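Asker: I'd like to ask you about the structure that follows.
Numbering (the working numbering), first residue to last: 29 to 225.
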């Protein structure tokens, strides 16, 4: 090999990295920036919870909820203000995603969440159910989420669930809508009877 080729081959080697202080400074700066963004997100979450502090305590399941109509195992993806799929509700633990066991009875919907706050939706407060593709922070294929609409205090809430077997969703929509219609009709008839007296 000629001396000019040897010199050319040696010249193509990368220069050794010697400025470790600058590199370490950039890495530390990046980590501090990421921590700051995470802190801001956490503060926003707490602030949202403070704004929603007027949400009453969630009801718990009655001792005798009756015979189960349907059961479901899957995931709870969160709750939003009804009709506003990006307005997440975080108060009372409704913003915490978790595994879920749903049980539908004549008295209502029992939502059991291991590792998070469980709650009960009385049948009288159910407003219906539908299939949808998204709720704040989670978007799936069309019909991938079971959305249950219910009333709590002076708010209407949409809660999103996904069964481990998505084929079960249609039966849940039908049963929840039938139960909410039955209770709405019963309540209306009772109110009209009371008014006629």
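Cβ atoms here follow ideal geometry from the backbone N, Cα and C, with glycine treated the same way. Since we're looking at a predicted model, the values are computed, not measured.
Would you check if there are 3 or more beta carbon pairs closer than 8 Å linking the segment 158-165 to the segment 108-123?
Answerer: Segments in contact, yes.
Asker: Do residue 102 and residue 123 have their C-beta atoms closer together than 7 Å?
Answerer: Result no, Cβ atoms of residue 102 and residue 123 do not sit closer than 7 Å.
Asker: Pull up the distance between the alpha-carbon of residue 98 and that of residue 57, whole angstroms please.
Answerer: When rounded, the distance between both Cα atoms is 53 Å.
Asker: With DSSP as the reference, please indicate the residues paired to residue 166 in a beta bridge.
Answerer: Per DSSP, 163.
Asker: Leaving out five residues on either side along the sequence, give the residues of the same chain with a beta carbon under 8 Å from the beta carbon of residue 185.
Answerer: 107, 108, 109, 110, 117, 122, 177, 178, 179, listed in sequence order.
Asker: Is residue 180 helix, strand or coil by DSSP?
Answerer: Looking at residue 180 - three-state DSSP - the assignment turns out to be strand.
Asker: Leaving out five residues on either side along the sequence, give the residues of the same chain with a beta carbon under 7 Å from the beta carbon of residue 155.
Answerer: Counting only Cβ-Cβ distances below 7 Å, and skipping sequence neighbours, we find 177, 178, 179, 184, 208.
Asker: Tell me whether residue 153 is buried or exposed, calling it buried when 16 or more other Cβ atoms sit within 10 Å of its Cβ.
Answerer: Label assigned to residue 153: buried.
Asker: Using only the alpha-carbon positions, how far apart do residue 143 and residue 125 sit?
Answerer: About 10 Å.
Asker: According to the Cβ coordinates, are residue 88 and residue 148 closer than 7 Å?
Answerer: In this structure, residue 148 lies closer than 7 Å to residue 88 by Cβ.
Asker: Can residue 132 and residue 203 be called in contact, C-beta distance under 7 Å?
Answerer: Yes, the Cβ-Cβ distance between residue 132 and residue 203 is below 7 Å.
Asker: Is the CB-CB distance between residue 128 and residue 157 below 7 Å?
Answerer: For residue 128 and residue 157, no; Cβs fall outside 7 Å.
Asker: Identify whether residue 207 lies in helix, strand or coil by the three-state DSSP scheme.
Answerer: Residue 207: helix per DSSP, three-state reduction.
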